[in-house]
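Residue numbering for the sequence shown is 15 to 401, as defined by this note's numbering. First up is the structure itself, then whatever we jot down about it.
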Amino acid sequence: MQNFDYMTPTRLIFGKESIVKLPEVMRSLGKRVLLTYGGGSIKKIGLYDRVNELLKDFEIFELPGIQPNPKYDPSVLDGVRMCKENQIDVILAVGGGSVLDCSKAIAAGAKYDGDPWDLITYKVKAQAALPIVDVLTLAATGSEYDCGGVISRTETNDKVGYMDPLLFPVCSILDPVYTFTVSKKQTAAGCADAMNHTIEQYFVADSTLLNDGFCESMLKSLMVNATKCIENPEDYTARAEMMLCCTYGCNGILSLGNSYSGWPCHGIEHALSAYYDITHGEGLAIITPRWMRHILNEKTIDRFVKYGINVFGIDATLPKQEIAEKAIDATYAFFESINIPMHLREVGIDESRIDEMAHHIAVNEGLENAYAPLTEEDIKKILIESL
Ligand code: NZQ
Ligand code: ZN
């Protein structure tokens, strides 16, 4: 078991009507609020009005229009400028992972005199950040309980993930009711994202019975509950369990003491989103089974056997190779069952830029050090298999 140093300072307020605690949370952080949100879903569900009503004693400035795969220019740059011009005390992100990630980059940029890209690329270490509170409306990324963010720069085809303990939200308000309106497509993508977060922490050289059990439960719960959410979008119990699963996905709690996997599927997917602006969870669902098939070998087979038996209930008396292959097939079949497009061509990606993307990933993602090391040639094969 590896050493670790772990802390998650984020307060979680979970459940129906948990938003009533928003004024109390915000009061301790300041009066001048930058409210960040996306393309308008929060207005459709009445959340925008509710937030404004609850915060009527605060001074609110707004940054709307944050897109999925949030963009450095204009969203991060506009937000940083607004924080500086208006002496913002606290950022309130209302929306999905993209709104939250963008807000994290703004929070750090607001306290830095140079180009915020320096912080995102670790050229400069952030010294301070504005506090962030969020009201989450989409279960997927786990950004509400981690200190990471992912920011895209269209002009350079970069989608860069970065982490800084300064960027843990102070408080995340998680009311599953706000996720009732999430489309079937985004619900499925959110499930695939959280499943992949778990898989990225499960396929490692060195794990524990404890962590394997957490991960196996996460995967089973996500599959059962996402299916229910898609069948009945207003199933509170299913939305609630899915939301909590997603919250656990990315903050490291599932793999304390494990060796590091290198998060290879994320490394590959980030390039797909950077080049083609696709939905993150869909890209992951497409890549994951192809990556699994590619890395299945004598060294990795025992992990696949455990995964197959404990997650999918595959007959443990079968030969190892058969269990592993059935497990990969079952992973693919599950994603297909929730109607995720399972080929890159279906999300608008053809072979024309595969060489370029494989090179970009190999240079930027460090996957030669992953649990199952990937060279540029391996990455290219996985992408071609995914077409
Ligand atoms: O923009 P609006 O109008 O709000 O619509 C959004 C958006 O179109 C919509 N939506 C959100 N809540 C809704 C809703 N529609 C109806 N009802 C609601 N209640 O859903 C669409 C997608 O939203 P987005 O925030 O982009 O989705 P998600 O939460 O999946 O975030 C994806 C981003 O997070 C990054 C991804 O790479 C991607 O950029 N990730 C962040 C991570 C982190 N910080 O830890 C880890 C992840 O691995 C991931 O990379
Ligand atoms: Zn993800």
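Built from N, CA and C at the ideal position, the CB exists for glycine as well.
Residue range of the beta strand (DSSP E) that includes residue i
i, result
"Thr168", "Unbroken run through Thr168: none, as it is neither H nor E."
"Gly175", "Asp172 to Met177"
"Ile146", "Ile146 to Leu150"
Neighbourhood of residue i by C-beta, 7 Å cutoff - its chain only, sequence neighbours within 5 removed
i, result
"Pro355", "Glu296 and Val361"
"Ala254", "Pro190"
"Asp291", "Asn83"
"Ile56", "Tyr62, Val108, Gly109 and Thr151"
"Phe194", "Pro247, Glu248 and Arg253"
"Ala288", "Ser166, Asn171, Asp172 and Lys173"
"Ile368", "Lys394, Leu397 and Ile398"
"Val94", "Ile120, Gly123, Ala124 and Pro130"
"Thr201", "Ala240, Cys243 and Ile244"
"Ile323", "Ala330 and Ile337"
Collapsed DSSP secondary structure at residue i in the structure displayed
i, result
"Ala107", "strand"
"Ser466", "The structure shown does not extend to residue 466, since the chain spans only 15 to 401, so no value can be given for it."
"Glu73", "strand"
"Arg27", "Residue 27 is actually Ile in this sequence, not Arg. DSSP places Ile27 in strand when its eight states are reduced to three."
"Leu332", "coil"
"Ile354", "coil"
"Lys139", "coil"
"Lys85", "strand"
"Thr293", "coil"
"Pro247", "coil"
"Lys125", "coil"
"Pro78", "coil"
"Asp19", "coil"
"Ile301", "helix"
"Leu180", "helix"
Cβ shell of residue i (< 6 Å), same chain only, five flanking positions each side left out
i, result
"Val218", "Asn272, Ser273, Ser275 and Tyr385"
"Met232", "Thr212 and Cys259"
"His284", "Lys173"
"Gly111", "Ala154, Thr155 and Ser157"
"Pro145", "Leu43, Val104 and Val184"
"Asn239", "Ala252, Glu255 and Met256"
Cβ separation of residue i and residue j, assumed to be a contact under 8 Å, to the nearest whole Å
i, j, result
"Leu236", "Ala203", "Their Cβ separation, rounded to whole angstroms, is 12 Å, which puts Leu236 and Ala203 out of contact at 8 Å."
"Ala341", "Phe326", "6 Å"
"Val39", "Val147", "6 Å"
"Thr22", "Phe182", "7 Å"
"Gly162", "Met177", "4 Å"
"Leu77", "Met96", "6 Å"
"Asp392", "Lys320", "Incorrect: roughly 23 Å between the Cβ atoms, too far for contact."
"Cys116", "Ile74", "Cys116 to Ile74, Cβ: 17 Å. No contact."
The ligand ADP heavy atom lying under 6 Å from the CB of residue i
i, result
"Asp115", "Ligands present in the displayed structure are limited to the ligand NZQ and the ligand ZN, and the ligand ADP is not among them."
Span of the alpha helix (DSSP H) around residue i
i, result
"Leu48", "From DSSP, Leu48 is part of no alpha helix (DSSP H) but of the beta strand (DSSP E) over Arg46 to Thr50."
"Leu258", "Tyr250 to Tyr262"
"Pro37", "Leu36 to Arg41"
"Asp132", "Trp131 to Ile134"
"Cys97", "Leu91 to Glu99"
"Met371", "Ile368 to Asn378"
"Glu67", "Leu61 to Leu68"
"Asp392", "Glu390 to Ser400"
"Ser55", "Ser55 to Lys58"
Cβ neighbours of residue i in the same chain (closer than 8 Å, five flanking residues each side left out)
i, result
"Thr331", "none"
"Lys313", "Ala386"
"Ser400", "Ile300, Ile301, Arg304, His357 and Leu358"
Query - Runs of alpha helix (DSSP H) lying entirely within the stretch 306-332, each at least 4 residues, in chain order - result: Counting only runs of 4 or more, we get 315-326.
**Report entry** alpha helix (DSSP H) runs contained entirely in the stretch 189-253, provided each spans 4 or more residues
**Finding:** You should have 198-216 and 223-245.
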